[in-house]
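Visitor:
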Amino acid sequence: MNPLPVTDADLDAYVDGQLLPSRVAAVEDALVRDPALAASVADARRRNADLRDALDPWLAEPIPDRLLAAASGPTTGPSARSPETMRRWLVPLTAVVATLMVGLGAGWFARDMQLERAGTPTTFTRQAALTHALYAADANRPVEVWAPEEKRLVAWLSKRLGFPVSAPDLNSTGFALVGGRLVAGHQNPTALFMYENADKQRLSLQVRKQPVDGGEVAFRYALENGVGVFYWIEDNCSYALSGNVDRAQLLAVGRVVYGQLAALEASVAK
Amino acid sequence: MADVAAPPPLPQPDLLAAIPRLRRYARVLTGDTNRADDLVQDTLARAWEKRRLWAAGSDLRAWLFTIMHNVFVNQRALARREKLHVSLDDGGEGHEAWQIPVRATQYARVELTELMEHVGRLPVDQREVLLLAAVEELRYEEIAVVLAIPVGTVMSRLSRARAKLRNAFADAPAGAGGLKVVK
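Those protein sequence lines, which keep their order, are chains A and B. Per our numbering, the first sequence starts with residue 1, numbered consecutively. Per our numbering, the second sequence starts with residue 1001, numbered consecutively.
1) Quick check: the region 49–65 of chain A against the region 1110–1123 of chain B, are at least 3 beta-carbon pairs closer than 8 angstroms?
2) Counting only Cβ pairs nearer than 7 angstroms, list the residues of chain A close to Gln1075(B).
3) Whose CA, out of Leu250(A), Asp43(A) and Gln206(A), lies closest to the CA of Gly179(A)?
4) Could you tell me whether any Cβ in chain A is nearer than 8 angstroms to the Cβ of Asp1125(B)?
5) Taking 8 angstroms as the threshold, find out whether the region 217–229 of chain A comes into contact with the region 243–251 of chain A through three or more Cβ pairs.
6) Mapping DSSP to helix, strand and coil, what is Ala184(A)?
7) Reducing DSSP to helix, strand and coil, say where Gly243(A) ends up.
8) List the residues of chain A that Arg1024(B) touches, going by C-beta distances under 7 angstroms, in chain order.
9) Mark Arg1035(B) as exposed unless 16 or more other C-beta atoms lie within 10 angstroms of its C-beta, in which case mark it buried.
10) Using only the heavy atoms of the ligand MG, determine whether one of them is closer than 7 angstroms to the beta carbon of Phe219(A).
11) Kindly indicate the opening and closing residues of the beta strand (DSSP E) around Ser166(A).
12) Would you report the Cα separation of Arg160(A) and Trp146(A), rounded to the nearest angstrom?
13) For Thr1033(B) and Met1068(B), which I take to be in contact (beta-carbon distance under 8 angstroms), what is that distance rounded to the nearest angstrom?
14) Taking buried to mean at least 16 other C-beta atoms within 10 Å of its own C-beta, is Val1182(B) buried or exposed?
15) Which residues in the same chain as Glu1128(B) place their Cβ atom closer than 8 angstroms to its Cβ, once the five residues preceding and following it in sequence are excluded?
16) Interface residues of chain A around Ser1058(B) at Cβ under 8 angstroms?
17) Residues bridged to Tyr1140(B) by DSSP?
18) List the residues of chain A whose Cβ lies closer than 8 angstroms to the Cβ of Met1116(B), in chain order.
19) Just tell me which of Lys1050(B), Gln1075(B), Gly1120(B) and Arg1076(B) has its CA closest to the CA of Ala1161(B).
20) Just to make sure I have the definition right: I need the residues of chain B whose C-beta is within less than 7 angstroms of the C-beta of Asp8(A). Which are they?
21) For Glu1049(B), which residues in the same chain have their Cβ closer than 6 angstroms to its Cβ, ignoring the five residues on either side in sequence?
22) Quick one: list the residues of chain B neighbouring Val308(A), beta-carbon separation under 7 angstroms, in chain order.
23) Ignore the nearest five residues each way along the sequence and tell me which others in Arg1061(B)'s own chain have a CB closer than 7 angstroms to its CB.
24) So the alpha helix (DSSP H) Lys1050(B) belongs to, where does it begin and stop?
25) Just to confirm, is the Cβ distance from Arg1139(B) to Gln18(A) under 8 angstroms?
26) State the DSSP-derived secondary structure class of Ala1174(B), mapped to helix, strand or coil.
27) Nearest CA to the CA of Pro5(A): which residue from Ala26(A), Leu59(A) and Asp43(A)?
28) Can you confirm whether Ala1134(B), when its beta carbon is compared against all beta carbons of chain A, has any partner nearer than 8 angstroms?
29) What would DSSP say about Glu224(A), mapped onto helix, strand or coil?
30) Assign Thr7(A) to buried or exposed, taking buried as 16 or more other Cβ atoms, counted over all protein chains shown, within 10 Å of its Cβ.
31) Going by alpha carbons, who is nearest to His132(A) out of Glu196(A), Arg66(A) and Trp156(A)?
32) What's the gap between the Cα of Asp12(A) and the Cα of Val1040(B)?
33) CB-CB under 8 angstroms to Asp10(A), same chain, minus the five flanking residues each way: which ones, in chain order?
34) Quick one: which residues of the region 16–32 of chain A get their C-beta closer than 7 angstroms to a C-beta of chain B? List them in chain order.
35) Using DSSP bridges, identify the partner residues of Glu150(A).
36) Please list, in chain order, the residues of the region 233–249 of chain A that have any C-beta partner in chain B closer than 7 angstroms.
Encoded structure:
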């Protein structure tokens, strides 16, 4: 039985691992018989690997805020563009942009500002959930400084936030500290501590100073696009505990965090 | 907030996870880092607008690639039409020129720098097929859906892209890339 002759398409599919199983034998047979063909296939395979080597580092680059914002939900107003693009589009779009700014954009931004001013930190929970989703999904580098260097981590974050922060010990709830990082906040930088349990579920606790005195806010719960967030405000600091765990579990951990911070506060006050 | 008619939101973790890949695809399409991020931004906005059309549970990344390809093609068509009337654009023919600075990514191996230069010289249709097949490892049938072209066209573009790269390396002066031939 004579198999169909080997085509370029067969060779490409073979290189990409997409060849139909029924054709593999024919291609491999041809490669054995034709060393030049085998060399070209090996070359293409190496080039695939080289392309990945060349392009994979781009994936690790930090994501600009404007893209995080664009991912967080439908936009109704104009959004920030790169400076170069701004220049290119500025002239023809001025009128359109102005109309949008007044008509739609202002409304949206005003809403956020109003809520923020009213002491309902919706922006914070949304941002906390987004930040959590971003870093918790990162298998290799969820944090900047790892748990074994907790002392250095806490000192660094305290310095950057301008007040002493600490990483609560959540071992009693089954969550161990992974480490932490500094993240951009709405107005103030935010400290993030990441925790993980035996099931590889991750929680993050984010702490930042309140831009305005929002008073005390008891535990509140928000579900932001599948990420649960408990947040509360105390002593002019906002706290957000986020995770893809159920509400009861998140609340239990939240209480432990809250209790430890209160105990710490009391010991400092003494 | 309680907009009853609003379709359900796109899954945030998947969306965030897709952004780096969208940025990469956008850079390969536009050949320019800033323009790439603009394209990603437009793509995300469009995805939210059109989220009703996403079949929950299907591959979000492939769906986003489809949207990005369409947004890119539309913008390019628009830019071309504008160019007929306006001739003061600074970049000349540069719309598809590859401007991603190789220096931005310091490759440890010389071949990678060289490879990126050659990839940058491929026509954009071939670049994107190469990226989707070799790097994103989509199946040819999926690529056909993303680009709205027949599978046969996917394969012929891929084959031409590979042939061009092969020739580019073969034509390279012995001094530049000759070392890799020694095995």
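Don't be surprised by glycine CBs; every beta carbon is placed ideally from N, CA and C. Since the model is a prediction, treat every value here as computed from it, not as a measurement.
Guide: Reading from the atomic positions:
1) yes
2) Those do not exist, as Gln1075(B) stays about 11 angstroms from chain A at its closest Cβ, beyond 7 angstroms.
3) Gln206(A)
4) no
5) yes
6) coil
7) strand
8) Leu55, Trp58 and Leu59
9) buried
10) No copy of the ligand MG occurs in the structure displayed, which carries no ligand at all.
11) Unbroken run through Ser166(A): none, as it is neither H nor E.
12) 17 angstroms
13) No, Thr1033(B) and Met1068(B) are not in contact; Cβ-Cβ is about 15 angstroms, not under 8 angstroms.
14) With a pLDDT of only 35 at Val1182(B), under 50, the local geometry of the prediction cannot be trusted, and no value is derived from it.
15) Tyr1025, Val1028, Leu1029, His1069 and Leu1147
16) Within chain A, no residue comes near Ser1058(B); the closest Cβ sits about 17 angstroms away, beyond 8 angstroms.
17) Paired residues: none, contrary to the question.
18) For Met1116(B), the residues of chain A that pass the 8 angstroms Cβ criterion are Ala54, in the order they occur in the chain.
19) Gly1120(B)
20) Ser1159
21) Same-chain partners within the cutoff: there are none.
22) This structure cannot settle anything about residue 308(A), because the visible part of chain A is limited to 1 through 270.
23) Ala1018 and Arg1021
24) Counting along the chain, Lys1050(B) falls outside any alpha helix (DSSP H), and DSSP gives it neither H nor E.
25) Yes, the Cβ-Cβ distance between Arg1139(B) and Gln18(A) is below 8 angstroms.
26) Here Ala1174(B) scores only 44 on pLDDT, less than 50, and its place in the model is too uncertain to base an answer on.
27) Ala26(A)
28) yes
29) strand
30) exposed
31) Glu196(A)
32) Distance between the alpha carbons of Asp12(A) and Val1040(B) is about 29 angstroms.
33) Leu19, Arg23, Ala26 and Val27
34) Asp16 and Gln18
35) DSSP lists no partner for Glu150(A).
36) Answer set for the region 233–249 of chain A: empty.
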